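First residue of the sequence shown? That's 254 in this note's numbering, and the numbers climb one at a time after it. Please read the structure below before turning to the comments.
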Amino acid sequence: MALEVKVGVRGMTCAACVARVERALKRAEGVEEARVNLTTEEAFLRLQEGVDLRKILKRVEEAGYEPVVARAEIPVKGMTCAACVARVERALAKLPGVLAASVNLATEKAFVEYLPDTVSLARIRQAIREAGYEPLEGAEEAQEKAPTYRKDLLLALPFALLTLLLAMGPMLLPLPRFPGFLQALAALPVLYAGRRFFRQALAEARHLAFGMSTLVALGAGSAYLYSFLVLFLPGLFPEEARHLYLEAGAVILALILLGKHLEEKAKGKASEAIRKLLALRPKTARVVQEGEEKEIPAEALIPGDLVRVLPGERIPADGVVVEGFSHVDEAMLTGEPIPKAKKPGDEVVGGTVNGEGPLLIRVSRVGEATVLAQMARLVEEAQAYKPRVQEVADRIASVFVPIVLIIALITFTLWILYGPGLSYAFVALLSVLLIACPCAMGLATPAAIAVATGRAAQLGLLFRKGTALEALARADTVVLDKTGTLTQGKPTLTERLGFALDPLEALRLAAALERGSEHPIAKAVLDAAKDLSIPEAQAVRALPGEGIEGVVEGKKLYLGGPALMERLGVALPKEAWELSEKGYTPLYLADGERLLAAFGVFDPPKPEARRVVAALKALGLKPVLLTGDHPIPARRVAEALGIEEVLAGVRPEGKVEAIRHLQAQGRKVIFVGDGINDAAALAQADAGIALATGTDIAVEAGDVILLSPSLESLVDAILLARRTLRTIYLNFFWAYAYNILLIPVAAGILYPFTGLLLNPMLAAGAMTLSSLFVLSNSLRLKGFQPRSFTVA
254 MALEVKVGVR
264 GMTCAACVAR
274 VERALKRAEG
284 VEEARVNLTT
294 EEAFLRLQEG
304 VDLRKILKRV
314 EEAGYEPVVA
324 RAEIPVKGMT
334 CAACVARVER
344 ALAKLPGVLA
354 ASVNLATEKA
364 FVEYLPDTVS
374 LARIRQAIRE
384 AGYEPLEGAE
394 EAQEKAPTYR
404 KDLLLALPFA
414 LLTLLLAMGP
424 MLLPLPRFPG
434 FLQALAALPV
444 LYAGRRFFRQ
454 ALAEARHLAF
464 GMSTLVALGA
474 GSAYLYSFLV
484 LFLPGLFPEE
494 ARHLYLEAGA
504 VILALILLGK
514 HLEEKAKGKA
524 SEAIRKLLAL
534 RPKTARVVQE
544 GEEKEIPAEA
554 LIPGDLVRVL
564 PGERIPADGV
574 VVEGFSHVDE
584 AMLTGEPIPK
594 AKKPGDEVVG
604 GTVNGEGPLL
614 IRVSRVGEAT
624 VLAQMARLVE
634 EAQAYKPRVQ
644 EVADRIASVF
654 VPIVLIIALI
664 TFTLWILYGP
674 GLSYAFVALL
684 SVLLIACPCA
694 MGLATPAAIA
704 VATGRAAQLG
714 LLFRKGTALE
724 ALARADTVVL
734 DKTGTLTQGK
744 PTLTERLGFA
754 LDPLEALRLA
764 AALERGSEHP
774 IAKAVLDAAK
784 DLSIPEAQAV
794 RALPGEGIEG
804 VVEGKKLYLG
814 GPALMERLGV
824 ALPKEAWELS
834 EKGYTPLYLA
844 DGERLLAAFG
854 VFDPPKPEAR
864 RVVAALKALG
874 LKPVLLTGDH
884 PIPARRVAEA
894 LGIEEVLAGV
904 RPEGKVEAIR
914 HLQAQGRKVI
924 FVGDGINDAA
934 ALAQADAGIA
944 LATGTDIAVE
954 AGDVILLSPS
964 LESLVDAILL
974 ARRTLRTIYL
984 NFFWAYAYNI
994 LLIPVAAGIL
1004 YPFTGLLLNP
1014 MLAAGAMTLS
1024 SLFVLSNSLR
1034 LKGFQPRSFT
1044 VA
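Structure (structure tokens):
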């Protein structure tokens, strides 16, 4: 069984870094899949079972980056012997993401080293609790926080401005000319503030894999080195080349730090949807034990606990209502603003808001098993996705910086040979180095996908696979299951025809066969027979695509549709087969030789179904109805909804073939089903969309899960996917157009016409602006509004 983990990676600055980390991880033994995300600064890994995580982390370090590892010291109450110690250590070692766990009986503490991006401290405490012991509060997590750019920026900005004033002030203001050593003193703190770029550049040089830090270090470092040599060893240069570029080097570093600081904040906004989801979890819960209430940390809850939730409070964990009646606001889950009524027996989800009445809830899921935690996990996994255009960009980024270095060297050489002097060559060299940066290329996709998948989760759209975004955006055909997808999924039995049996007696026998089945039509039969005395059925066996058989009161009976009757050779009277013509789904009861009774089941379309079909057509998509139902009622539903293409009477295994047939025609197919009976079809489609209830988001077959009860969210998902893909392409257009246009400008292509060279400070500012444009363009996806289609 494959193990999936996330590893935080510090030190990545651009697409070249991403490509380097991915290469290092993919070469490691036991790694089946590795995807690195620049926006979230995480690596998503699929590993073979039993692989040594420490060796994987070593690969990241050898590539020149720092894997994020946390350490925790947790007091544990209740241990009495070595067996207790072993039990706690085993429980912790089983957790994905735990690197090492050691328990000391004398101090009653557990020492844990773990990957905080994979397993939380709350989950570690929960594992200790599940092992039968009590983790105490007050544990300190010794996780070193990633260094931010803010502190260095606050040091660099004032000294960069001072350096600029000392250098340029006398040209603009009535100030005396300041000696060069004052500029050098003012520029040194800025050099210290930008030390991370030089340190990372050395690591890149050691591995012969160059990225943004190499360009910055070469550009700013060259300005400093050249200036210091001119200042202290002027004899090395001809008189016309004795210029100081300390203000350029200082302002360059300050601008890059400012840009990275703003980029850091923007990346945080791109991923804030996950934090907002997890922030919905209450910190405490009111537990009822032996008639008394006491407040405990919500993370200390275990399945089976009874919790009381007062009006206006958030529900602390997933569970089932035991007592009380209220309306619960589930907008965070489904995107639907109208609260849902909850009574005893109804499921509730942690993080949702209780309305007007107190509820007593029995906890069913806690920690990582809750719907909220699953939502956050699915969003994070989807954000690691790379479309084909990003994979190409990463390959380009891996060779981009070496190409820029060659261009810079050629530029410098040409200016030395044919230009007016060394100082001009040096300015052109600095500008080329600083204006070309692969940052924007690395952020183009992950930033957009991070914002889009986060916004989708807020609207009740869960992308289990990031590939679905691209597939939805490119699709031209939407295949829709009928029962429960286009229809309400709650069919009612409205027609009863008796032939060899009284209709009520036949209904009683049919209900015996359907007892225990979860199929919507079975529920319709059972609902119709709820006031009857239903006997026990024996040897019940499902007949895929046909119906069901079994023995009731000593008689072998069959219940199913026309295909089953045809196979059995049972003749259908006119009144029986006319049920289909009237728009009913026919259900026949037979003893193998003759028809005993017939039933008509009707499942009305969802109120919004016609509007959704019209919206799909308006978007240029071809809707197709695919169902195992009889062709006549299927066509009736299709006609009512405006669907021209109908594939009816298709068995479950035939749905896969139907989708393959459409794909063979060159069509890009979305399949929408209930995620249970349609698993194979969902997997076969280019994008599978599963409809789920509010508490059943772990539908493994779907690429996208619609949590909202409204089918309109299908259109929202397609619209969001298209807008996301447009955003990604615009990001890439800017990233590449920027470099293609400005590298020649930096090299001096306009000098013959203007007599001017691009100032290296402006080049550094332009590089920063390119990344900020990509991020701000991606953040516009946060404004995506649902139901943004109007079709009558």
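Beta carbons are placed, not taken as given, at the ideal position from N, Cα and C, and that holds for glycine. Computed from a predicted model, the values in this text were never measured in an experiment.
Determine contact between the region 716-734 and the region 850-860, defined as no fewer than three beta-carbon pairs at a distance below 8 Å. No: fewer than three Cβ pairs fall under 8 Å.
What number of angstroms, rounded off, separates the C-alpha of residue 685 from the C-alpha of residue 421? 23 Å
Taking 7 Å as the cut-off, decide whether the C-beta atoms of residue 464 and residue 334 are in contact. no
Assumed close pair residue 739, residue 894 - CB separation to whole angstroms, cut-off 8 Å: 6 Å
Quick check on residue 351: buried or exposed, where buried means 16 or more other Cβ atoms within 10 Å of its Cβ? buried
Whose C-beta lies closer than 7 Å to the C-beta of residue 301 among residues of the same chain, with five residues either side of it excluded? 255, 283 and 285
How is the alpha helix (DSSP H) around residue 800 delimited, first residue to last? Annotation: residue 800 is outside any alpha helix (DSSP H); the continuous beta strand (DSSP E) that includes it extends over 800-805.
Residue 766: buried (16+ other C-beta within 10 angstroms of its C-beta) or exposed? buried
Looking at residue 541: is its Cβ nearer than 7 Å to the Cβ of residue 559? yes
List the endpoints of the continuous beta strand (DSSP E) containing residue 969. Counted as a single uninterrupted DSSP element, the stretch harbouring residue 969 is not any beta strand (DSSP E) but the alpha helix (DSSP H) occupying residues 965-1000.
Where does residue 955 land, buried or exposed, given buried means 16+ other C-beta within 10 angstroms? The Cβ neighbour count for residue 955, taken over all protein chains shown within 10 Å, is at least 16; the residue is labelled buried.
Beta-carbon within less than 8 Å of residue 877's beta-carbon, same chain only, minus the 5 sequence neighbours each way: which residues are those? 730, 731, 732, 733, 896, 898, 899, 900 and 915
Do you know offhand how far residue 388's Cα is from residue 360's? When rounded, the distance between both Cα atoms is 13 Å.
Which residue marks the beginning of the alpha helix (DSSP H) containing residue 680, and which one marks its end? Where residue 680 is concerned, the enclosing alpha helix (DSSP H) stretches over 675-688.
So, with DSSP's three-state summary, where would you put residue 453? In the structure shown, residue 453 sits in a helix (DSSP, three-state: H, G or I).
With DSSP collapsed to three states, give me the class of residue 534. Here residue 534 carries a coil assignment [DSSP, helix/strand/coil].
Look at residue 665 and residue 687 and say whether their C-beta atoms are less than 7 Å apart. no
Rounded Cβ spacing between residue 715 and residue 957 (contact assumed at less than 8 Å): 7 Å
Range of the contiguous alpha helix (DSSP H) that encloses residue 431: Run containing residue 431: none; DSSP gives neither H nor E here.
Per DSSP, which one or two residues make a beta bridge with residue 772? The partner list for residue 772 (beta bridge, DSSP) is empty, contrary to what the question assumes.
Quick one: give me the first and last residue of the beta strand (DSSP E) that residue 854 is part of. 848-855
Please name the residue or residues paired with residue 716 in a DSSP beta bridge. 957
Where do the N-terminal and C-terminal ends of the beta strand (DSSP E) with residue 555 fall, by residue? For residue 555, there is no enclosing beta strand (DSSP E), as DSSP gives it neither H nor E.
Please report the distance separating the alpha-carbon of residue 913 from that of residue 696. C-alpha separation (whole angstroms): 35 Å.
Starting from residue 898, follow the beta strand (DSSP E) in both directions and report where the run begins and ends. 898-900
I believe residue 842 touches residue 874 by the beta-carbon criterion, under 8 Å. Please report the beta-carbon distance rounded to the nearest angstrom. Not really, about 40 Å apart at Cβ, beyond 8 Å.
Evaluate contact between the region 258-266 and the region 312-321, counting only Cβ atoms and requiring at least three cross-stretch pairs below 8 Å. yes
According to DSSP, which residues form a beta bridge with residue 570? BP columns for residue 570 are empty, so no partner.
As assigned by DSSP and simplified to three states, the class of residue 1036: helix
With 16 other CB atoms within 10 Å as the buried threshold, where does residue 871 fall? exposed
Based on the DSSP secondary-structure assignment, which residues constitute the bridge partners of residue 290? In the DSSP output, where bridge partners are listed per residue, residue 290 has 295.
Does the structure place the region 603-610 close enough to the region 559-579 that three or more beta carbon pairs sit under 8 Å? yes
Pair within 7 Å by beta-carbon distance, residue 698 and residue 971: no
Report the three-state DSSP secondary structure of residue 1018 (helix, strand or coil). helix
Applying the 10 Å Cβ sphere with the 16-neighbour rule, what's the burial state of residue 551? With 16 or more other Cβ atoms within 10 Å, it is buried.
Please report how far the alpha carbon of residue 1028 lies from the alpha carbon of residue 430, in whole angstroms. 42 Å
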